[in-house]
Amino acid sequence: MSRTRVVERLAEGVLELELHRPERKNAFDETMWREARDALADAQRDDAVRAVIVTGAGDAFSAGQDLGQMNAPPGDGPPGFPSFMDRLVAFDKPLLAAVNGVGVGIGLTLLLHCDVVWMAEEARLRAPFVPLGVVPEAASSYLLPLQLGHQRAAELLFTAEWIDAPRAVELGLATRVLPRARLLPELRALAAKIAAQPLGSLRWTKRMLLAVREEGVRAARQREDAAFLVRVGSPENQEALRAFLEKRPADFRGVPPTDRG
């Protein structure tokens with residue numbers, strides 16, 4: 009299947025999925041959500057694929073959700089984000105991430121579902137959900153405290169401050185920092201080493217790793233999805249989006265903290 013937002017390369021049993029919307033810093037629109045979902049589904053079915061690397065085109069990993077489409081209707085078929093997440097949380101092959109640049113929103117929370125995360129020296133991460141007037145996504149309200157501890161997760165979410173690559177390793181969001189020129193070649197070598205292992209054993213091991221947190225992830229997604237529906241379109245969310253489009257700081261003084269009516 010020909011895809012425009014996700015570029016695929018297969019070599020030595022390793023499938024690279026490159027998020028490919030460089031003019032928007034690989035921000036997810038509805039097309040990219042669906043193409044990424046379908047690429048994971050195809051990779052899960054194809055025994056020639058033994059491991060997957062996710063990376064971004066250009067100088068960004070992903071700028072997250074395209075804010076210009078945050079309130080857009082989903083169009084035909086299942087909505088992209090939830091159906092992408094269904095595939096991601098059930099993906100039972102090794103999933104590696106080469107974070108080549110900024111990772112914002114899903115560009116961070118996607119990493120919580122990866123088995124290996126390496127970052128370029130200049131890469132940075134940010135979880136901007138609170139400043140946008142919404143809530144965490146992708147079960148990150150569960151996985152961040154699980155992985156970082158409550159206080160570090162709360163600080164990361166409440167402040168939405170940038171996290172540089174060394175700090176990401178310190179927090180446990182990644183395991184290695186490399187110069188950008190070495191990032192993909194060295195991660196490809198690791199992925200090829202993993203792909204040389206017995207596929208059945210790889211998949212059973214991944215399933216057992218997923219099972220440890222399966223119930224928590226499912227419950228967190230349900231809570232987050234319900235909360236998002238009442239926060240998106242709220243006065244605070246509307247002010248945040250207006251400020252973004254007008255390229256100015258958001259001003260929440262006098263904005264009622266109510267949910268969408």
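Sequential numbering from 9 applies to the sequence shown in the working numbering. For every residue, glycine included, the Cβ atom is placed at its ideal position computed from N, Cα and C. Just so we're clear, the structure is a prediction, and the values are computed from it rather than from any experiment.
Could you tell me the distance, in whole angstroms, from the CA atom of residue i to the CA atom of residue j?
{"i": "V125", "j": "R211", "result": "19 angstroms"}
{"i": "P90", "j": "E145", "result": "10 angstroms"}
{"i": "A248", "j": "V138", "result": "10 angstroms"}
{"i": "A173", "j": "T183", "result": "10 angstroms"}
{"i": "D54", "j": "R132", "result": "33 angstroms"}
{"i": "K33", "j": "D74", "result": "10 angstroms"}
{"i": "W170", "j": "G76", "result": "22 angstroms"}
{"i": "G64", "j": "E43", "result": "14 angstroms"}
{"i": "G3", "j": "E20", "result": "Given that the chain is displayed from residue 9 to residue 269, the structure contains no residue 3 and the question cannot be resolved."}
{"i": "R221", "j": "A227", "result": "10 angstroms"}
{"i": "R175", "j": "A71", "result": "19 angstroms"}
{"i": "R11", "j": "A168", "result": "32 angstroms"}
{"i": "R229", "j": "L154", "result": "15 angstroms"}
{"i": "L48", "j": "M40", "result": "12 angstroms"}
Using CA atoms only, rank isn't needed, just tell me which of the options is closest to residue i.
{"i": "L5", "options": "A197, D123, F166, L152", "result": "Beyond the ends of the chain as shown, which are 9 and 269, falls residue 5; an answer cannot be given."}
{"i": "D46", "options": "D94, L217, G21", "result": "D94"}
{"i": "R268", "options": "R29, T12, P243, E223", "result": "P243"}
{"i": "R196", "options": "G180, L18, T12, R11", "result": "L18"}
{"i": "V263", "options": "P257, L253, N245", "result": "N245"}
{"i": "E26", "options": "G88, Q52, K101, G115", "result": "G115"}
What are the partner residues of residue i, as DSSP defines its beta bridges?
{"i": "I61", "result": "E24, L104"}
{"i": "V124", "result": "L104"}
{"i": "G111", "result": "S70, L133"}
Would you say residue i lies against chain C (beta-carbon separation less than 7 angstroms)?
{"i": "P257", "result": "In the displayed structure, chain C is absent; only one protein chain is listed."}
At least three beta-carbon pairs within less than 8 angstroms, the region 180-192 to the region 104-111: yes
Touching by the beta-carbon criterion (3+ pairs, under 8 angstroms), the region 227-245 and the region 125-134: In short, these stretches do not touch, since the Cβ pair count stays below three.
The region 158-172 in contact with the region 245-265 per 3-pair CB rule at 8 angstroms: no
Complete beta strand (DSSP E) runs within the region 152-231 (minimum length 3 residues, chain order): Counting only runs of 3 or more, we get 184-186.
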